[in-house]
Every structure is written in structure tokens, then in C-alpha cells.
């Protein structure tokens with residue numbers, strides 16, 4: 241499927257490089273478009289910004305000039321050296337000797353190693369060391385794990401952690417579904433209303449859960465019938 245969609249660049253190499261996404265020719269495909277759109281949305285929601293550049297593949301990175309003149313970087317992919325993060329071990333950029341031993345690089349690859357290390361220190365090191373990886377750490381852990389257990393739930397929890405402490409994401413979902421605009425003052429009043437309408441903590445909790453859409457979760461939704469049809473019976477498929 242991947243070869244049929246993008247013949248020049250692996251899909252994983254496109255994830256963290258929006259410029260590469262725009263310049264790489266591909267065959268229109270629902271799964272491919274959905275993947276990129278979802279990933280770009282996660283980048284915004286989790287505020288990864290420049291931190292996500294650690295996932296770029298050095299062989300295809302649109303801002304790493306040497307890969308445009310040297311195809312040897314692409315040969316490293318089969319050895320396991322893909323993203324800039326694959327050069328990192330225990331939080332530090334690996335030495336050339338360590339990479340030679342682990343990935344079977346030749347002595348003639350030393351200059352290429354210096355080019356990548358220089359680029360990393362100039363563009364990625366400061367951001368990588370100073371910012372909490374958050375969701376990205378969960379994603380990186382899963383990419384290196386051989387276990388297939390609980391992948392979806394772990395990713396979902398990671399995304400949820402990005403929005404903790406704010407109801408802005410919930411407001412946007414109501415706006416999108418209702419095709420309306422909710423002002424910040426109105427939203428603040430809605431949130432406050434859940435706690436002032438009753439003195440019962442039980443009903444306060446129930447009211448709050450309704451507001452934050454608690455009752456339709458990925459775990460519960462998988463038990464519902466009707467395929468991909470919206471649970472509100474509005475005729476829409478794939479509705480949240």
C-alpha cells in the first residue's frame with residue numbers, strides 16, 4: 241500500500257515534515273490523508289512544534305541539505321538509522337564507534353556522521369533537552385517496543401494528557417459539531433453552571449460528564465453496534 245501511495249518517500253518519513261508532505265507526489269488515498277491529518281492535529285494539540293523534528297528521517301529531511309547530494313544516507317535506513325532520535329542513546333547523541341558497532345557503519349561513513357551530528361546540535365539539541373517530551377515520549381517508546389499490547393489505549397491516554405487542565409478542546413468539539421461559535425465568556429458560564437445548578441455532588445458530576453462528552457469514549461464506543469454510523473442517528477459516518 242505504501243509503495244502504491246508514495247513511491248519516493250516512506251510514509252513515516254513524511255510525518256514530522258510538512259514541507260516534505262507538500263512537495264512529495266502521492267496517489268490520493270483515504271488512509272494516507274487521514275494518517276497525515278490526524279498526526280498534524282496531534283502536533284498542534286500536544287504543542288510539539290519543533291520538538292517533533294526529532295522524528296524526521298535524516299535521509300529525507302527537507303532542511304538537511306547533505307541528503308540532497310548523497311544517497312548513502314538512504315542506505316542507512318535498512319540498517320535501522322532513520323530518525324534523528326535513532327542516533328540518541330540514553331538522552332545523548334551516540335558516538336560514531338557505538339553506531340559502527342550497533343548498525344554496521346563503515347569508516348567511510350564518518351564524515352556523514354559528523355554532518356548529522358552537526359545538524360542535530362545546531363537545530364535539535366536545545367529543543368530536545370529543554371522541553372518535556374510528553375506525548376512524544378510515549379510515541380517513541382511504542383515505536384521501539386516489540387509488544388503490540390494496548391497501543392491504542394496508550395496513545396489515547398497520551399493525547400488526553402496533552403489537554404488536561406483545559407476545556408478548550410471540548411469547546412472546539414461542540415463548536416465543530418454544532419457549526420457554531422462559543423465565546424470564551426459563554427463557555428466559562430457553561431462550565432460554572434454545572435456546579436451552581438444543584439447542591440448534589442452526584443448530579444454535579446453527572447452534569448459535568450455530559451458537558452465533557454464523557455459517556456461516548458473509545459472504550460465504550462467499540463461495544464456499540466451499527467458500524468461506523470453516528471450514535472446520534474443523524475446519518476453521518478465516523479462522527480465523534
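Residue numbers (the numbering used here): 241 to 480.
Ideal Cβ placement from N, Cα and C applies to all residues, glycine included.
Since this is a predicted model, take the numbers as computed values, not measurements.
Query	Result
C-alpha gap between residue 459 and residue 421, whole angstroms	Interpretation of residue 459 is limited by its pLDDT of 48, a score under 50 that renders its predicted location unreliable; no figure is taken from the coordinates.
Simplified DSSP state of residue 304, which is helix, strand or coil	coil
Residue nearest to residue 199 in terms of C-alpha spacing, selected from 281, 293, 445 and 253	This structure cannot speak to residue 199, because the chain is shown only from 241 to 480.
Assigned exposure category for residue 433 - 16 Cβ within 10 Å defines buried	exposed
Cut-off 7 Å between Cβ atoms - residues of its own chain near residue 344, not counting five sequence neighbours on either side	319
Nearest candidate by alpha-carbon position, reference residue 253, set 288, 301 and 377	301
Pick from 348, 260 and 353 that is closest to residue 324, judged by C-alpha positions	353
Cross-strand partners of residue 435 (DSSP beta bridge)	DSSP, once it has assigned bridges, lists no residue as partnering residue 435.
Residue burial classification, residue 419 (beta-carbon count within 10 angstroms, cutoff 16)	exposed
Of the listed residues 288, 311, 291 and 375, nearest to residue 299 (C-alpha basis)	311
Where the alpha helix (DSSP H) containing residue 388 begins and where it ends	Element bounds for residue 388: n/a, residue is neither H nor E.
4-residue-minimum alpha helix (DSSP H) runs that sit fully inside the stretch 348 to 376, ordered along the chain	350 to 363 and 365 to 370
Endpoints, alpha helix (DSSP H) assigned at residue 416	408 to 418
Residues bridged to residue 263 [DSSP beta-bridge criterion]	Its beta-bridge partners do not exist; DSSP assigns none.
Straight-line Cα distance separating residue 395 from residue 389	11 Å
Residues near residue 398 by beta carbon distance below 6 Å, same chain, minus five either side	375 and 378
Span separating the alpha-carbon of residue 426 from that of residue 442	24 Å
Integer Cβ distance of residue 295 from residue 339, believed to fall under 8 Å	Not really, about 19 Å apart at Cβ, beyond 8 Å.
Backbone CA spacing between residue 290 and residue 283 [nearest angstrom]	9 Å
Beta bridge counterpart(s) of residue 323 as assigned by DSSP	297
Burial state of residue 322 (16 or more Cβ within 10 Å)	buried
Closest Cα partner of residue 276 within the set 288, 286, 248 and 261	261
8 Å Cβ cutoff met for residue 248 and residue 264	yes
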